[in-house]
Amino acid sequence: LAVLRGQPASLVRVNGSRTLLISAYLEHRTRTKKVCWFRVTELHVSRASVDIHWDHFGFPYGMADVSCPLPPACQAPTHVAVTSAAIRNPGTAALTCFVLQLVQSLEMLQFLGVNRVVVYKTNCSAETQRVLDYYSDKGLVEVVPWSLSEYLKVSRRAKPDQDPGDIHYFGQIPALNDCLYRSMYRSKYVALHDPDEFILPQTVNSEFALTPPAPQTLPQLDRWQNVSGVNILNHVYIEPAPQKPVFNNYKIITNPRSVYSVTVHGVLRSRGSKAVTDCILCCRPRRQTELKPEQLIYDGRLLKYSGRLVSAVNGVLRDNGLLPKDAM
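Position in the sequence shown (from 1) plus 51 gives the number in my numbering.
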């Protein structure tokens with residue numbers, strides 16, 4: 052498994068075990084620098100320590116950190132290998148068809164100050180791939196092929212009783228941890244969330260505070276009706292938080308250099324303190340379907356971006372042949 056900057060996550064089976072290696076990173080924030088089986092001009096062998104993350108949601112497979120000491124003579128390894136066997140004779144050895152929502156999300160993220168987005172892609176439509184290529188050429192998006200399904204039965208849900216499989220929700224947790232380390236020295240901060248979620252500033256434009264604007268002030272978006280995907284500007288009502296506190300009602304922005312491991316809804320191991328704020332906005336189908344319309348809460352924060360967002364999205368859709376050239 053090569054240690055190469057900016058390369059896709061390479062999935063490698065560990066012979067004689069039920070383990071898949073995803074990525075190799077040099078951890079130098081601890082006193083003892085750690086990696087596993089490294090090669091400079093000769094082979095060095097070290098015994099690994101394994102830390103299995105507890106947040107595997109009941110699936111047979113979960114995220115684990117395999118680490119071992121780096122010798123003083125090898126400060127910059129180029130390759131690493133892991134084996135479950137004793138050393139006898141050492142030698143030299145998630146995107147389908149949601150084009151509109153994807154474009155809106157990537158444009159919104161840029162408005163919020165994001166300058167790089169890492170997408171872990173399982174599969175997608177031809178139109179979605181065209182959009183990903185467009186943003187990759189602009190330097191905004193880095194696409195990491197995510198092929199866990201070639202090795203494991205990947206669940207499409209969060210829990211085994213919802214959709215049985217070997218590993219939780221498309222291998223989301225390994226992807227999050229890979230992104231953390233991949234971004235360690237390329238990004239000052241990293242936000243870990245889904246494409247249908249935004250972590251928005253708490254300050255609300257007074258023009259849309261508390262009460263809905265009149266219908267005629269909402270953007271006219273009929274021109275997008277033939278573009279696949281959800282229109283996030285239609286999501287101005289949110290569900291109230293469940294009465295019983297739940298652990299999974301937030302996503303995070305973190306300094307990756309202060310974190311060792313993450314889970315779907317937070318940090319597993321870090322150094323330093325953290326602050327949690329209620330500022331996430333989800334643009335997804337309702338989950339509390341028993342709620343009446345009057346029980347939903349108006350949230351117009353997205354609408355303060357609508358003018359710039361509509362113009363930017365139209366431009367991208369035109370550039371990709373998804374809107375007529377004369378569409379405004």
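All residues carry an ideal CB built from backbone N, CA and C; glycine is no exception.
Note that this is a predicted model, so its numbers are computed, not measured.
For residue i and residue j, what's the separation of their Cα atoms in angstroms?
i, j, result
"K376", "A363", "14 Å"
"Q223", "S234", "16 Å"
"F108", "P211", "8 Å"
"A99", "V117", "6 Å"
"A137", "P196", "Annotation note: pLDDT 49 at A137 (below 50); position unreliable, coordinate value reported separately. Going from the Cα of A137 to the Cα of P196 covers about 32 Å."
"R208", "F221", "8 Å"
"P307", "V367", "31 Å"
"V101", "T70", "12 Å"
"T268", "D247", "Any answer about T268 is weak, because its pLDDT of 48 lies below 50 and its placement is not dependable; what the coordinates show is given next. C-alpha separation (whole angstroms): 24 Å."
"K416", "V318", "Nothing about residue 416 can be read from this structure; the chain reaches only from 52 to 379."
"V165", "V192", "11 Å"
"E341", "H286", "18 Å"
"H316", "V241", "14 Å"
Hey, residue i and residue j are a contact pair by Cβ (cut 8 Å); roughly how many whole angstroms apart?
i, j, result
"K302", "H244", "4 Å"
"L151", "W275", "6 Å"
"V133", "L72", "6 Å"
"L157", "Y186", "6 Å"
"E178", "L373", "7 Å"
Keeping to the same chain, check which residues put their C-beta closer than 6 Å to that of residue i; ignore five residues upstream and five downstream.
i, result
"L227", "L243 and V313"
"R181", "N371"
"N174", "none"
"Q161", "none"
Looking only at C-alpha atoms, which of the options sits nearest to residue i?
i, options, result
"W105", "C230, I218 and E345", "I218"
"L163", "G366, F249, V63 and R369", "F249"
"S68", "Y240, V170 and Y202", "Y202"
"D370", "G113, T70 and K189", "K189"
"I348", "E193, E290 and A177", "E290"
"V170", "R320, R237 and L153", "L153"
"K343", "Y236, L157, P215 and Y288", "Y288"
"L284", "V361, N174, V310 and F110", "V361"
"Q213", "F110, A177 and H130", "F110"
"G280", "L77, V241 and F149", "F149"
"D350", "V310, A115, Y240 and P252", "P252"
"S238", "K204, S200, R167 and H286", "R167"
"V278", "N174, V131, Q161 and N365", "N365"
"L77", "Y236, H286, Y240 and S200", "Y236"
Could you check if residue i is buried or exposed, using at least 16 other CB atoms within 10 Å of its CB as the buried criterion?
i, result
"A75", "buried"
"I155", "Just to set this straight, residue 155 is Gln in the shown sequence, not Ile. Buried."
"T81", "exposed"
"I304", "exposed"
"L62", "buried"
"R103", "The sequence as given places Ile at residue 103; Arg does not occur at that position. Exposed, by the Cβ-count rule."
"R64", "exposed"
"D273", "exposed"
"R352", "buried"
"P225", "buried"
"P264", "Reliability of the predicted coordinates at P264 is poor, the pLDDT of 42 falling under 50, and no value is obtained from them."
Can you list, in chain order, the residues of its chain with a C-beta nearer than 7 Å to that of residue i? Leave out the 5 residues immediately preceding and following it.
i, result
"H79", "none"
"S386", "Nothing can be reported for residue 386: it is not among the residues displayed for the chain, which extend from 52 to 379."
"M159", "F249, Y356 and L360"
"S309", "S321, R322 and G323"
"K204", "G216 and D217"
"V194", "V170, K172, L183 and S187"
"S200", "T173"
Is residue i near the ligand NAD, going by C-beta to nearest heavy atom under 7 Å?
i, result
"A115", "Because no ligand of any kind appears in the structure shown, any question about the ligand NAD cannot be addressed here."
Within the same chain, show all residues whose beta-carbon is closer than 8 Å to that of residue i, passing over the 5 residues directly before and after it, in chain order.
i, result
"S206", "F110, Q213, D214, P215, G216, D217, I218, H219, Y220 and F221"
"S114", "The residue you asked about is not Ser; residue 114 is Met in the sequence shown. Answer for M114: I103, H104, D106, H107, I224, P225, N228 and S312, listed in chain order."
"N282", "L151, Q152, Q155, L272 and W275"
Compare the C-beta of residue i with all C-beta atoms of chain D and state if any pair is closer than 8 Å.
i, result
"H244", "No chain D appears in this structure, which consists of one protein chain only."
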